[in-house]
Amino acid sequence: MKSIIQTRFLHWKHHFYSFVFWLFFPLASVIFLHYLLIDVQTESKVPVGLVVEDQTNTAFELVKELKQSSLLRIYELDEDKALQQLKKHELDSVFIIKDGYEEKMHRGSRNRLITSYQSDLSFAYTSVSEMVASFVQKNTGRIKTAHTVLQLEKQLTNSQEWTKDEIITTSKEIETNQNLLSTQFQYRDQVNKREKQVSLWNPWGIWILFASLATFFLFDWVIKENNATVKPRFVFIRFSFKKYALLNLTLYTCLLLFIDVITIFVFHYILEILTHFSQIIAIVTIRMILNGFAFLFAFKMKRLVTYYSLSFIITLLLALTSGAIIPIDHLVKNLPTISVIHPFIPFLEGALHNIWLYIVGLLIIIWYARREDTYA
Amino acid sequence: MLNVERISKTYNKQPIFTDVSFSIHPGEIIGLVGENGAGKSTLLHVLATLQMPTTGSIQLYDWYYQKHRKHVRRHIGFVPQDIAIWDNFTVRENMVFFEKLAWKNKSEKGLKELCLDMNLDRWHDKVHTLSGGMKRKLNLAISLIHDPALILLDEPTVGIDLKSKKEIATYLQKLARNQQKMVLYTSHDMDEIKALCSKVICIGEDPFYRNLLQHAGKKIVPLNNSFP
Ligand SMILES: Nc1ncnc2c1ncn2[C@@H]1O[C@H](COP(=O)(O)OP(=O)(O)OP(=O)(O)O)[C@@H](O)[C@H]1O
Ligand SMILES: [Mg+2]
């Protein structure tokens, strides 16, 4: 294997830049698209003015949460300026956190905590106010829970003996409180989902498109070397051409798996996507399928141009029918077989088995075992 | 030594050569001549294990081609008619590439010396910038990396200038004399054949080369039946 690596380096040296380009092309493309999308999203964020009269922690927390929303761009202003900008339609709407916001919340009063203004052109007002209301509601919920816990603590320290009724009523109270909390969490989840829909894209779905294209282009060495004039020489060296090619396939697979691991880490830190264990298996599987297929396909081809063009078409077809780019739910419903025979769909669904792994593996074994007439 | 016994080769029932027998001893350079399409390349391919003879047997030292095919190959240096080198590599990279995969290891110094022996001195130049003669020399040098006992050359001097031809011929002579290699090579250049070879094998129907060489006093290896 050492000599295979050494001889491969001689080849890599001569097209080093294009080689590195294709190695990192899928990862770089996804990251590039990610930042492009963030840019577009920032451009389309709703500008909202926020006037914070109440200088308390509870108020600051609300400000912080609103700022975290990927739909809003928050400007903290004083009231006059905010209203002025609203008139000029520079702001979509203005929300004022009134003095005494925290105090009122502690008292359990929910009236007139926040005053809002909108203009005749505010198109996001309703959804923004809904969002603000949900934050407020959540905060009041939290305060209520804290209150209950405090009371519980008091009861526990004051009297050791509880009556049954007491326990039941307290647990009920805790239950209802927890329900209140959990519904709010659900609501928050829905908000999250809504935000995701705005940025509807699946990084691994885009990745597989670029990865399959890059794999084809990385495997053009098979065509170049299979049709090279030096081929008869492989009879007189330690490796038959098939063995040499197979060892190189192994080398390429190790290298690309390493790049895939880097991809997983970069996606984790930049895109904040967690990759589960089953997904890692799916990635390893699809990598072996891609490499094996490109390898066998390139062995069947004579001309590079034809190979590149067909690779492009195959990748495009697979990407379009996988649903990674355009949703094809109705197609999958009408043609359930497509999700079984499509090599990308098990990968996108994180399935543990991909029938193509076995097909490609079998084809490689058959290819290797078959004797050629000359140079056998 | 190489012992060829009554081999014949047919393509689709069309005989290329029949009942060819001869032997090569260490230190001998033997020429293989015949008109275009006579079957010189085919015979060399058979001797190089690239093709099986239809009938007959071949033996290199104690190894039979049929039985010890893999082993025989380690001791054959085959110089193909079409130049077989990596065109985008330098001379050095070509040598290193095949040395890494060869049956025998050679140091980079040894590889360089091998090239210099034939006066191939453009070690760091890319192959596609070399002249035809230089490429031919590299084509030969690569085939000798593993120090083979039997060297089969298919028109190693075709299309190159007289000086390069002389350099290659001198080198082959040195290989045979100093290292006791067995050399079999084809050429259409009769002057070269006359100067270099101790014996000549003539194949094909046409008696032209046979007569020519006999007049010049060359020893013709008798091939049973190859000439009706
Ligand atoms: N793979 C093949 N299938 C069928 N016939 C073949 C094949 N290879 C060679 N031949 C035939 O065998 C004959 C001998 O060919 P070969 O290449 O050995 O001739 P040659 O003496 O080397 O000619 P040249 O001097 O042109 O190199 C030719 O008539 C050719 O048409
Ligand atoms: Mg020939």
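Taken in sequence, the protein lines are chains F and E.
Counting in the numbering used here, the first sequence runs from 2 upward without gaps.
Counting in the numbering used here, the second sequence runs from 19 upward without gaps.
Just so it is clear, CB atoms sit at the ideal spot from N, CA and C, and this is done for glycine as well.
Using a Cβ-Cβ cut-off of 9 Å, F/T251 does not count as an interface residue toward chain E, since no Cβ of chain E sits closer than that to its own. Using beta-carbon distances, E/G95 counts as an interface residue toward chain F, with a partner under 9 Å.
Going by DSSP, F/V223 is part of the alpha helix (DSSP H) stretching over 221-227. Under a criterion of Cβ atoms nearer than 8 Å, no residue of chain E is adjacent to F/V262; the nearest Cβ is some 28 Å distant. In this structure, DSSP gives E/N112 a helical state, which the three-state scheme calls helix.
Taking 4 residues as the shortest admissible run, the stretch 28-58 of chain E contains no complete alpha helix (DSSP H) segment at all.
Contact annotation: F/H35 and F/I271 have beta-carbon atoms nearer than 9 Å. When C-beta atoms of the stretch 181-199 of chain E are compared with those of the stretch 23-38 of chain E, fewer than three pairs fall below 8 Å, so the two segments do not count as touching. Every beta strand (DSSP E) stretch that sits fully inside the stretch 75-120 of chain E and reaches 3 residues is listed by chain position as 94-97. The beta carbons of E/R140 and E/V109 sit closer together than 9 Å.
Taking 8 Å as the upper bound for CB-CB distance, F/R74 and F/V52 are not in contact here, some 16 Å apart. Sequence-distant partners of E/A159 (beyond 5 residues in either direction) whose C-beta falls short of 6 Å from its own C-beta, in its chain, are L132, C133. Residue pairing by DSSP places F/Q119 opposite F/S94 in a beta bridge.
Secondary structure of E/C220 (DSSP, three-state): strand.
Rounded to whole angstroms, the Cβ separation of E/K122 and E/H164 is 4 Å, and the two are in contact under 8 Å. The contact set of E/P98 on chain F, defined by CB atoms closer than 7 Å, consists of P233 in chain order. Judged by pairs of C-beta atoms under 8 Å, the stretch 55-67 of chain F does not touch the stretch 24-35 of chain F, as fewer than three such pairs exist.
Proximity of chain E to F/V236 at the Cβ level (cut-off 8 Å) is accounted for by A66, T67, L68, R91, F96, in chain order. Straight-line spacing of the CA atoms in F/V231 and E/V97 works out to 11 Å. Taking 8 Å as the cut-off between beta carbons, none of the residues of the stretch 23-41 of chain E comes near chain F. Put simply, of E/V51, E/L148, E/E111, E/L193 the residue whose alpha carbon is nearest the alpha carbon of E/D209 is E/V51. Looking at the DSSP output, E/N21 shares a beta bridge with E/S41, E/Q77. Looking at the backbone, the Cα of F/K244 and that of E/H142 are separated by about 29 Å. The beta carbon of E/K199 sits no closer than 8 Å to any heavy atom of ligand 2. Residues of the stretch 13-28 of chain F that bring their beta carbon within less than 7 Å of a beta carbon in chain E comprise H15, in sequence order. The alpha-carbon separation between E/S125 and F/L319 amounts to approximately 49 Å.
For the 9 Å CB-CB criterion, E/L78 and E/N21 form a contact. Distance from the Cα of F/I115 is smallest, within the candidate group F/Y102, F/H107, F/C255, for F/Y102. F/T254 is bridged by DSSP to nothing; it lacks a bridge partner. The alpha-carbon of E/R91 is positioned some 10 Å away from that of E/A167. Contact annotation: the stretch 199-206 of chain E touches the stretch 168-178 of chain E, with at least three C-beta pairs closer than 8 Å. The three-state secondary structure of F/E77, taken from DSSP, is strand. In the DSSP annotation of this structure, the continuous segment of the beta strand (DSSP E) that includes F/G50 starts and ends at 47-53. The Cβ neighbour count for F/I224, taken over all protein chains shown within 10 Å, is at least 16; the residue is labelled buried. Annotation: F/I274 is outside any alpha helix (DSSP H) and is labelled neither H nor E by DSSP.
At a C-beta separation below 9 Å, E/L162 has no neighbours in chain F, since its nearest C-beta there lies roughly 11 Å away.
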